[in-house]
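Going by this note's numbering, the letters in the sequence shown line up with residues 896 to 1197, in that order. A short worksheet on the structure shown next.
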Amino acid sequence: MHRLLLTSALLLISLCDRPKPSGPPVFDGARAYDLLVQQCGFGPRTPGSAGHRAALDFLTVELGKWADSVEEDPFTYRDAKVDTVVSLTNVKGVFNAQAAERILLCAHWDTRPYADQDPDPAKRNQPILGANDGASGVAVLLEVARVLRQIPPVKGADIVFFDGEDYGRGIGGDVSDYFLGARRFAAVNKGKYAPRMGILLDMIGDRDLTIYYEGYSNRTYPDHVARVWQAAAALGYRQFIPQQKYFIQDDHIPLMEAGIPCIDLIDFDYPPWHTVADTPDRCSPQGLKAVGDVVLKVVYEL
């Protein structure tokens, strides 16, 4: 069941009277990087860990500073492979709740329980810190939230942090135990939630950032992909490469299957992926700012 954490403040000025901003306000890449580092300071954010609990508190407090309201959606997942029940929580921040037209911005906040791609076999059962794969998308969206509070968008915006994206073991290519929070969100909102578009951020903090068209996104929502890359080009960000390179299973897939439009922004050319070397020094404020600026331009011009 959803739990409302913060109620909307009374609006003194009608939302429809809000002026359109003349341009995107300033996204602070250094602040976003600090938010990334703060998450990593909790240690791995694997479900059931102390770091996971601390990160959940951090998310609700930080998002609550800027959103009109924040909701937690706690749920459980039964892992039959190891006969255990995992407690998970999605977190949602709402901006301009009265607006019928909306945009979804999302990222996963959990980290992988095992560094199964680490070059050292002795480390493959260790949890990853997830600076890029876990903290980067959240950091960008928390900074986006601050900007949206300063200059509210004409359209409504929903920021959702998914839990349990990276829980899965991937045995034999089975992805049924991945994307748990996105699957939950899709099941709860299927047929009831229809944003104009959605943007998923995953692994977008790489200090050598390159983001290509993700194949499923480009095949299903080419106009949405084009909108994002046009925004990047207009801002002069060459980190966004206008070519398709990978088809990636990620949180956007359950949303697509539920009829909720969402495209994936992901830099999959990241050697520390699923290793213990996924640490803050592999990320940069500049990459976070590039993604944040592009996301804000899309939001304000939607």
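By construction, the Cβ of each residue, glycine as well, lies at the ideal position given by its N, Cα and C atoms. If you're wondering where the values come from, they're calculated on a predicted model, not measured in any experiment.
Nearest candidate by alpha-carbon position, reference residue i, set the options
{"i": "A975", "options": "G1063, Y1165, N1084", "result": "G1063"}
{"i": "A1172", "options": "R1007, A950, D1058", "result": "R1007"}
{"i": "L958", "options": "T941, N985, P1090, R997", "result": "N985"}
{"i": "D1101", "options": "A1089, E1109, R1019, C1178", "result": "C1178"}
{"i": "L951", "options": "W961, A962, E966", "result": "E966"}
{"i": "I854", "options": "P1090, I1136, R1114", "result": "Residue 854 is absent from the structure shown; the chain starts at 896 and stops at 1197."}
{"i": "C1157", "options": "D978, A1077, A1185, K1087", "result": "A1077"}
{"i": "P1022", "options": "V1033, R1079, D1005", "result": "D1005"}
{"i": "R1041", "options": "P1016, T1170, G924, P1180", "result": "G924"}
{"i": "S944", "options": "K960, V977, L983", "result": "L983"}
{"i": "G1187", "options": "Y1132, Q1144, I1148, H1147", "result": "Y1132"}
{"i": "T979", "options": "G1068, V1033, P1180, D1072", "result": "D1072"}
{"i": "A1127", "options": "V1055, H1147, H947, V1194", "result": "V1194"}
{"i": "L1130", "options": "D929, K960, V1190, V981", "result": "V1190"}
{"i": "G1029", "options": "D1011, A1002, Q1045", "result": "A1002"}
{"i": "D1145", "options": "A1185, I1094, Q1138", "result": "I1094"}
{"i": "E1196", "options": "Q1125, R1114, M1151", "result": "Q1125"}
{"i": "Y928", "options": "V1070, I1143, V1035, V1083", "result": "V1035"}
Residue range of the beta strand (DSSP E) that includes residue i
{"i": "R997", "result": "997-1003"}
{"i": "L983", "result": "979-990"}
{"i": "P969", "result": "964-974"}
{"i": "D1097", "result": "1092-1097"}
Local conformation of residue i per DSSP, three classes
{"i": "A1052", "result": "strand"}
{"i": "I1148", "result": "helix"}
{"i": "Q1138", "result": "strand"}
{"i": "L1160", "result": "strand"}
{"i": "D1028", "result": "helix"}
{"i": "Y1062", "result": "coil"}
{"i": "L1104", "result": "coil"}
{"i": "F1080", "result": "helix"}
{"i": "D1173", "result": "coil"}
{"i": "L1037", "result": "helix"}
For residue i, the first and last residue of its enclosing alpha helix (DSSP H)
{"i": "T955", "result": "945-959"}
{"i": "Q933", "result": "924-935"}
{"i": "G1182", "result": "1180-1196"}
{"i": "Y1073", "result": "Segment: none, Y1073 is in no alpha helix (DSSP H) and carries neither H nor E."}
{"i": "W1168", "result": "Per DSSP, W1168 belongs to no alpha helix (DSSP H) and is neither H nor E."}
{"i": "R1114", "result": "1110-1115"}
Residue i burial status per 10 Å Cβ neighbour count (16 or more: buried)
{"i": "R973", "result": "exposed"}
{"i": "Y1141", "result": "exposed"}
{"i": "D1176", "result": "exposed"}
{"i": "E1038", "result": "buried"}
{"i": "V971", "result": "The amino acid occupying residue 971 in the given sequence is Thr; Val does not appear at that position. With fewer than 16 other Cβ atoms within 10 Å, it is exposed."}
{"i": "R940", "result": "buried"}
{"i": "S1112", "result": "buried"}
{"i": "D1061", "result": "buried"}
{"i": "K1192", "result": "buried"}
{"i": "A1121", "result": "exposed"}
{"i": "D1013", "result": "buried"}
{"i": "G1059", "result": "buried"}
{"i": "G844", "result": "This structure cannot settle anything about residue 844, because the visible part of the chain is limited to 896 through 1197."}
{"i": "P942", "result": "buried"}
{"i": "D1015", "result": "exposed"}
{"i": "D1118", "result": "exposed"}
{"i": "K987", "result": "buried"}
{"i": "V1055", "result": "buried"}
{"i": "A1081", "result": "buried"}
{"i": "A1017", "result": "exposed"}
Own chain partners of residue i with C-beta closer than 8 Å, once the 5 adjacent residues on each side are dropped
{"i": "T1174", "result": "C935, L1024, A1026, P1167"}
{"i": "S917", "result": "Reliability of the predicted coordinates at S917 is poor, the pLDDT of 49 falling under 50, and the value obtained from them is presented with this limitation in mind. The answer is none, since no qualifying residue turns up."}
{"i": "F953", "result": "Q933, Q934, F937"}
Spatial neighbours of residue i in its chain, beta-carbon cut-off 7 Å, leaving aside the 5 residues before and after
{"i": "S1031", "result": "L931, M1098, I1099, G1100, C1178, L1183"}
{"i": "F990", "result": "A962, D963, L1043, P1047, P1048, G1051, A1052"}
{"i": "K1085", "result": "A1153, G1154"}
{"i": "Q1139", "result": "Y1107, Y1108, G1110, N1113"}
{"i": "R1019", "result": "Y1009, A1010, D1011, D1013"}
{"i": "L1096", "result": "A1002, G1032, V1035, L1036, L1160, V1186"}
Beta-carbon contacts of residue i that lie in its chain and below 6 Å, excluding the five residues immediately before and after
{"i": "L1104", "result": "Q1134, D1162, G1182"}
{"i": "A949", "result": "F937"}
{"i": "P969", "result": "T984"}
{"i": "L999", "result": "D1053, P1090, G1093"}
{"i": "T1170", "result": "A1010, Q1012, D1013"}
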